[in-house]
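A short write-up of the structure that comes next.
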Amino acid sequence: MIEFRSVTKTFPDGTRAVDDFSLVLPSRKTTVFVGSSGCGKTTLLRMINRMVEPTTGDVQIDGGSVLGADPVALRRSIGYVMQNSGLMPHFTVLDNVATVLRLTGAGRRQAHERARVMLDTVGLDQALADRYPSQLSGGQQQRVGVARGLAADPNILLMDEPFGAVDPIVRADLQQELIRLQSELDKTVVFVTHDIDEAFLLGDQVVILDKGARVVQVGSPSEIIENPADDFVAAFIGAERGHRALRVKQTAHGAVVVDSEGRTQGRLLADAADASSASP
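Encoded structure:
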């Protein structure tokens, strides 16, 4: 469990990025921080592994303050995946994935064996192991980044807009891959995004933030969609414009669910379709 206790962060230029933030992030769930640029979500994420130090307040993991931990050891114990993968260009794929293992004392052979397992875990072909990042597609690079973040089997995985730099098709694939991985690995994931649809897709707990990391609403995707806390949330999630309104549409191939713009959101199960057609 991760807990923020009255955390503030003021940068040297006087910018108050986080103003008295308190929240519990449940273990073995995915918590998503979502908000517009500059709202403090990445600052919050980086406080967990002490890449950013709070000005006041405390961040605790399982009841122990991260401020009392050795920063280097703390960072090596927590998985971290960033936008644009952050891979070392002069390392092969295998060496990139094995980086944290090598830093924590694993032998080269042992680290490479684990790295190969992780390539399988994230759906990468073993033939890519000896390639360099520049020889990979953007989606492949991001998968390598996820593999590296998970290689040391951390309990916590931090993900800072990891899919923001890839095209929409690849992004959708990576999102589904993360859902699969979380169902199998059961990590405590903290995910940062500015995309509310991504937040609702991935998050067990979604935290909508305004400037200064002010919590506007926190809850499950269903809770937020069904009961927006205020006009700001309604506007942010598109509820006030009807973007979240769904209806059933009959097609030649069966019933589908479409949004207010007529875009298909999914196919209706047979039982639900029968119930819909039987409704007065």
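Each residue of the sequence shown is one higher than the one before, counting from -19 in my numbering. The beta-carbon is built from N, C-alpha and C at its ideal position, and this holds for glycine as well. Note that this is a predicted model, so its numbers are computed, not measured.
Exercise for the section: Using alpha carbons as the reference points, say which of Ile176, Thr231 and Leu158 lies closest to Thr168. Expected result: Leu158
Handout entry: Segment limits, beta strand (DSSP E) that includes Gly37
Key = Thr36 to Ile41
Practice task
Within its chain, find whatever has a CB closer than 6 Å to the CB of Ala109; leave out the 5 residues flanking it on each side and keep chain order.
Solution key: Val73 and Leu74
Problem - CB of Gly119 within 8 Å of CB of Val150, strictly - result: yes
Problem - Contacts around His92, its chain only, beta-carbon distance under 7 Å, and the 5 residues preceding and following it disregarded - result: Leu74 and Ala78
Handout entry: Three-way DSSP call (helix, strand, coil) for Leu25 in this model
Key = helix
Exercise for the section: Name the residue from Gln90, Ala131 and Thr36 whose alpha carbon lies nearest to the alpha carbon of Asp100. Expected result: Ala131
Handout entry: Reference Val14; option with closest CA among Ser45, Asp177 and Arg56
Key = Minimum Cα distance to Val14 is reached at Asp177.
Exercise for the section: Using the Cα positions of Arg96 and Ala107, report the straight-line distance between them to the nearest angstrom. Expected result: 10 Å
Practice task
Could you tell me whether the Cβ atoms of Ile204 and Val213 are closer together than 8 Å?
Solution key: Yes, these two residues count as a Cβ contact at 8 Å.
Exercise for the section: Would you mind giving the Cβ-Cβ distance between Phe1 and Ala193, rounded to the nearest angstrom? I have them listed as a contact below 8 Å. Expected result: 5 Å
Exercise for the section: For Glu33, count neighbouring C-beta atoms within 10 Å of its own C-beta (all shown protein chains included) and say buried if the count is 16 or more, exposed if not. Expected result: exposed
Exercise for the section: Output the distance between the C-alpha atoms of Leu182 and Thr(-5), rounded to the nearest integer angstrom. Expected result: 30 Å
Handout entry: Cα-Cα separation, Val198 to Thr(-10)
Key = 24 Å
Practice task
Inspect the beta-carbon positions of Val52 and Val46 and report whether they are closer than 8 Å.
Solution key: no
Problem - Exposed unless 16 or more other CB atoms sit within 10 angstroms - verdict on Asp140 - result: buried
Exercise for the section: Let me know the beta strand (DSSP E) ranges lying completely inside the stretch 55 to 121, each 3 residues or longer, listed in chain order. Expected result: 59 to 62
Problem - Delimiting residues of the beta strand (DSSP E) encompassing Ser(-14) - result: Ile(-18) to Thr(-10)
Handout entry: Arg30 beta carbon less than 8 Å from that of Leu54
Key = yes
Practice task
Apply the 10 Å Cβ neighbour rule to Thr84 and answer buried if 16 or more other Cβ atoms are within range, or exposed otherwise.
Solution key: exposed
Practice task
Locate the alpha helix (DSSP H) running through Asp177, then write down its first and last residues.
Solution key: Ile176 to Leu182
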